[in-house]
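The structure under discussion appears below in the form of structure tokens.
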Amino acid sequence: MTKITRRDFIKLAGISAAAASLSSCGRERLLSIWRQPNGPSTTPPSKSAWVPTVCRICPAGCGVLVRVVGGRAVNVQGNPRHPLNQGKVCPRAQAALQVLYDPDRIQHPLRRTSKRGEGQWERIPWEEAIAQVARHLMSIRQAGQSHTLLFLHDAPPGHMQELIRRFCQAYGSPNVVAADGLDAERLTHLLTQGWFDLAAHNWEETAYVLFFGGSFLEDWQPQVHMLRAYSYMRRGRPDRRARMVQIGPRFSVSAAKADEWVPLLPGRQGALALGMAHVIIRERLYDHDFVLNHTEGFADFVALVQEQYAPDKVAGLTGVPAETIQRLAREFVGNRPAVAVAGRGLAEGTNALFSHVAVHALNALVGSVDVPGGVLRPRQPPFTPWQPAPSEGPSQPRLDGAGSLAYPLAASALHALPERILAGIPYAPQVLFLYEVNPLFEGAGASRWRDVFQRIPFIVSFSSFMDESTRYADLVLPNHTFLERWVDGTPPGGLGVPTVGVGRPVVGPLHDTRHTGDVLLTLARTVGGPLPDLFPWRDFEELLRFRTHGLFEAGGSIQTDSFDQFWRELVEQGTWVGAPYTFGQWEKVFTTSSGRFQFRLNQLEETLSELGVNTGHLGLEGKVDVLALPHYEPPRRAGDESEYPLHLVPYRVIADAGCRAPNAPLLWEMYGLHLKEMWQNWAEIHPETAHHLGISDGDHIWVESPQGRVRLKARVYEGAMPDAVNAPLGGGHTAGGRWASQVGGGNVAELIVPQTDPVAGTVAWCSTRVKVYRT
Amino acid sequence: MPRWGMVIDLDKCTGCQSCTAACRVENNVPFAGPEQAELGRPIFYNEVLEEEIHGHYPFLKTQFVPRPCFHCENPPCVKVCPVEATYRDKEGVVLMDYGRCIGCRLCTTACPYAVRYFNWSAPQFPAPLDQALNPDVPARPKGVVEKCTFCTHRLRAAQAQAEEEGRELSDAEAVLLPACNQACPASARYFGDLENPESSVSRLSRSHRAFRIFEELGTEPSVYYLKSE
């Protein structure tokens, strides 16, 4: 259809300047020309199909419906059947179309022809790419060096994550390192309740919520569930309106929508929680039944709290007035069911685990564990169990030190990798696989990863985008985007009831890309050893069919006579939901050896003793008998206060999709709602602080930490604490696509001094001090 | 004859901007890019505004206000258009006739709510992003004004469907009809017939929490807000 300009049509229609005097048929002709777009035809749309799938832009895995017209994906809506989002979506899901049709996507396998990072590639066929990877894996395996495969990923909960783990396990490498950063919460539940997982919540009945850090309306998993729950808690119950308090360093969207904002610098959440516990215990307002029947170690906890965490002392530690601590405590016990939630991920510092433990102790104090409105244990879907993988040879220690003396209880410690790899401890990795992770951009102290990459002889990226890390790869085996591939997902945390989302490819592959799951299965077959038997599936779809057989057997929301029928229904509906949650199944809720909620963290105590770990060596203050109780572990901060006077508070806005949609102009154009910033990141500074530093709103400034410095746009913001600088992660790309690299400002991740919580292994995102000055 | 209107509950709104995103995708709204964004030119049929933060640290307050076109009963934009390129249809929806628009932008100035946007440049959908265009909504050229249409294309399709089935469009169907309403995770938005006293929007518009913006101007907006408690 030729492009008609307005000048053309005026000539065509022979219209004079007096447009208003057009006859009606002239007007219709005019309209008929204009009602055709400069693009695809709008003759009545062909019957379009709405294809259910699972959004994979963030780990939540909302069920979505994608409209397909003439083989093109043209719209994304929520799948009403998915219990998590029930037909709703967040802005990121809307960017799915810009992910699929991203003009800068990697379109076929690539092999590096220049030096690493210089960006010269040649196209190679898939067979050759896979063969090259297989050769590497086989030769390493034959040399007894399987453990030198390092697989970094941030695969959301689902079968890609499972496949990656199992692949490495079968291949013989312990080095599967996940980047999700949520292990402090998981470890909290392991130590207090016996299971390693995030909490699920039953917001429908909750009356009061205390958010200790984080931003529940901007950076939560699963986000859409929380957004819906907020609305429901406020207005969904005619007789009740939940009260919410946001504690934390920023006047975020969440703080604005909560009833109260309690400013608190990062890392101090534990102290505040314990101050409240002191009041609750002193006034004997705790849930006596729950404490008596379902907890252990309460007496020791009481003794510590009474002695150490009186409100006046906690006021000194936190800056929160003693009266506020007392009031919050009384509100918490007076509005049941009340839930305390510790901020995850970016809200965590070097004391992440103990902050989470202290906050979760509040839930136990008021009996909000496994009751309506309280904190639940997610029920995992009954997938068909995997065949047990035989172990080959002695197990090797992990590269990241998780599980060793360095990080005794951590499951993984991504941010400890660079130091250890550069020091050659405990051995050198030979192959690096990257899946949905971009350490060179997102990692703490981002660019230090460049040196790490240079130490690894062979790097393979499965990314769809030529992002910072992928530019340093040797081979790129680009994945399909999620709309082009079989996907599945189980929500992290979530609602308690087992939920599975499944999606078939919505459109055929646009380019010469392949499902990374299929590639791993092909590699498994090729590499040999125990792998082919352990991975008998031809492709990822077949793997999903195998695993979901267990769902078919369990019944749940899809009850059919045959599995084939079940599978068809599952793919058509996009969701499977299991049995509703049954509260108070204590044997499931507490799988500790006592069968109770542990105030006394026996497992921590035992592990530390067994390993002979010196707690001083872990950087922990206090003796083991105190460590094993909910206590305040003071946060360590990188940077001397005199030189770096401000606390850096990194955070995420809801429009930030991380490495899964770096190049979606839709999201960058709505990036900073509260500051009306688009295509630009910023640093929020309190007005008095800004004035003191001679910084005006809009000035470009350097924000400098001991790790590095970046240039950001200063925004004077009342909602910043006087001694903090708040800066969002996400901006500052130098790769990833034309729009990613047009976003103004530096990469805040560069500023983060790599420190970890020594017990949980999580990176301490908010333990870095900075200074700021005009450029 | 229905008169379409909208209600937005500011208490429920979480400031997530799903509405903004869904609308842009539904309506083939081009992105502006960083330079044009700097000039204030991105087109947002629906935009989430935030009140200026007030109060004294740390007792701060603000509100998130999603703002579509208000489809006024007494629209200043229609009054000032020299070529009748914008008009209020029989059911109360204020629409554009892109073919007549000469790009004088009197309407964008006349609108007290700043809901109208001019295409300063030709909308860019670099291939293959153009594959994602919604076939139900025409793309616009450079030089014309555009704005929220209350997803009139969806409304017409739903009405046609109802007529084919020999029934009226129900309130339940109407509430989530526009893309913004459908996407909203907080279920904070309602659409429907203000002439029907039983519709959700009618009932909510009579709430003690209901208000409209700049009522004193006499524009008679069809969009009501419910204030936060």
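As they're listed, the protein sequences go chains W and A.
By our numbering, the letter at position 570 of the first sequence is numbered 570, and the numbering carries on one by one without gaps.
The number in our numbering is simply the position in the second sequence, starting from 1, with 775 added.
Note that CB positions come from ideal geometry on N, CA and C, so glycine has one too.
Any C-beta of chain W under 8 Å from that of residue i
i	result
P777/A	no
L952/A	no
G808/A	yes
R799/A	yes
K787/A	yes
G967/A	no
N909/A	yes
E825/A	yes
Q936/A	no
S793/A	yes
S828/A	First, the amino acid is wrong: residue 828/A is Ile here, not Ser. By this cut-off, I828/A is an interface position.
P841/A	no
Outcome for residue i when other beta-carbon atoms lying within 10 angstroms are tallied against a minimum of 16
i	result
S562/W	exposed
R240/W	exposed
L520/W	buried
W679/W	buried
N293/W	exposed
M670/W	buried
Q585/W	exposed
S139/W	exposed
A444/W	buried
S461/W	buried
W576/W	buried
L611/W	exposed
Endpoints, beta strand (DSSP E) assigned at residue i
i	result
G248/W	243 to 248
S461/W	458 to 461
N75/W	72 to 78
V487/W	487 to 489
M781/A	779 to 784
M1016/A	With chain A covering only 776 through 1004, there is no way to say anything about residue 1016/A.
E822/A	822 to 825
G503/W	499 to 503
Top-ranked residue by Cα proximity to residue i, from the options
i	options	result
D219/W	G345/W, W449/W, V339/W	G345/W
F196/W	E718/W, T295/W, L376/W, P388/W	L376/W
T490/W	A735/W, Q269/W, G374/W, G578/W	G578/W
G319/W	D289/W, G248/W, R234/W, P580/W	G248/W
D512/W	P478/W, L544/W, A524/W, P532/W	P478/W
V279/W	E553/W, L434/W, L365/W, E569/W	L365/W
L163/W	A657/W, L523/W, G744/W, G71/W	L523/W
F433/W	Y773/W, G550/W, E553/W, D154/W	D154/W
Start and end residues, alpha helix (DSSP H) containing residue i
i	result
P52/W	Segment 49 to 54 is the beta strand (DSSP E) holding P52/W; no alpha helix (DSSP H) there.
E995/A	Element bounds for E995/A: n/a, residue is neither H nor E.
E419/W	417 to 423
G316/W	311 to 318
F540/W	540 to 554
Neighbour flag for residue i against chain A, beta carbons, 8 Å
i	result
W679/W	yes
W195/W	no
H480/W	no
R72/W	yes
W261/W	yes
G510/W	Just to set this straight, residue 510/W is Leu in the shown sequence, not Gly. Yes, L510/W lies at the interface with chain A (some Cβ there is under 8 Å from its Cβ).
I654/W	yes
V571/W	no
K88/W	yes
> Does the pairing of the segment 91 to 105 of chain W with the segment 121 to 135 of chain W give three or more beta-carbon distances under 8 Å?
Replying inline: no
>> Could you check whether the segment 315 to 327 of chain W touches the segment 269 to 277 of chain W, counting it as contact only if at least three pairs of C-beta atoms, one from each stretch, sit closer than 8 Å?
In response: yes
>> Any contact between the segment 477 to 486 of chain W and the segment 169 to 176 of chain W? By contact I mean 3 or more CB pairs, one from each, below 8 Å.
In response: no
> Is the number of C-beta pairs between the segment 650 to 666 of chain W and the segment 619 to 629 of chain W that are closer than 8 Å three or more?
Replying inline: no
> Can we say the segment 761 to 769 of chain W touches the segment 497 to 507 of chain W, given the rule of at least three CB pairs closer than 8 Å?
Replying inline: Touching, no.
>> Three or more C-beta pairs under 8 Å: does that hold for the segment 712 to 722 of chain W against the segment 783 to 791 of chain A?
In response: no
> Would the segment 301 to 309 of chain W and the segment 625 to 642 of chain W be scored as touching if the rule is three or more Cβ pairs under 8 Å?
Replying inline: yes
>> For the segment 785 to 804 of chain A against the segment 262 to 271 of chain W, do three or more pairs of beta-carbon atoms, one drawn from each stretch, fall closer than 8 Å, so that the two count as touching?
In response: no
>> With three or more beta-carbon pairs closer than 8 Å as the criterion, would you say the segment 102 to 118 of chain W touches the segment 969 to 977 of chain A?
In response: no
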